[in-house]
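Under this note's numbering, the first residue of the sequence shown carries the number 142, and numbering increases by one thereafter. Every residue, glycine too, gets a C-beta built ideally from N, C-alpha and C. Remember, predicted model here, so these are calculated numbers, not experimental data. Data first, discussion second: the structure below is written as structure tokens.
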Amino acid sequence: MRILDRFRLDDRVAIVTGASSGLGVTFAHALAEAGADVVLGARREDRLAGTRALVEAAGRSAVAVRTDVTDPEQCRSRPVSSSPR
């Protein structure tokens with residue numbers, strides 16, 4: 142049995158911060174492969190396009206949102222209003 146057969150996130154929405162590079166890209170792609178739609182947050186919005194393409198290539202929806210997690214107001218308001226659903 143494959144790990145993704147046990148760890149499914151179908152019909153769920155995941156939020157990934159730091160999604161413009163490094164581990165954030167890897168996590169976003171893995172969550173999409175597990176069946177989740179993904180909200181992608183990062184300060185560098187221009188670099189989120191590649192991550193969005195990876196998520197969509199896995200057959201899931203993605204929304205890219207410029208977000209600075211050091212700003213509490215952005216953390217409270219952005220992800221919920223930007224959900225892929």
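Beta bridge counterpart(s) of residue i as assigned by DSSP
| i | result |
| --- | --- |
| residue 183 | 207 |
| residue 156 | 180 |
Test item: CB-CB of residue i and residue j under 8 Å
| i | j | result |
| --- | --- | --- |
| residue 172 | residue 166 | no |
| residue 207 | residue 186 | yes |
| residue 192 | residue 155 | no |
| residue 150 | residue 177 | yes |
| residue 157 | residue 181 | yes |
| residue 174 | residue 205 | no |
Endpoints, the alpha helix (DSSP H) within which residue i is located
| i | result |
| --- | --- |
| residue 149 | Looking at the DSSP string, residue 149 is not in any alpha helix (DSSP H), and its letter there is neither H nor E. |
For residue i, the nearest candidate out of the options (CA to CA)
| i | options | result |
| --- | --- | --- |
| residue 201 | 214, 143 and 153 | 153 |
| residue 190 | 161, 209 and 146 | 161 |
Heavy atom of the ligand NAP within 7 Å of residue i beta-carbon
| i | result |
| --- | --- |
| residue 164 | Among the components modelled here there is no ligand, and therefore nothing to report on the ligand NAP. |
Integer Cβ distance of residue i from residue j, believed to fall under 8 Å
| i | j | result |
| --- | --- | --- |
| residue 159 | residue 183 | 6 Å |
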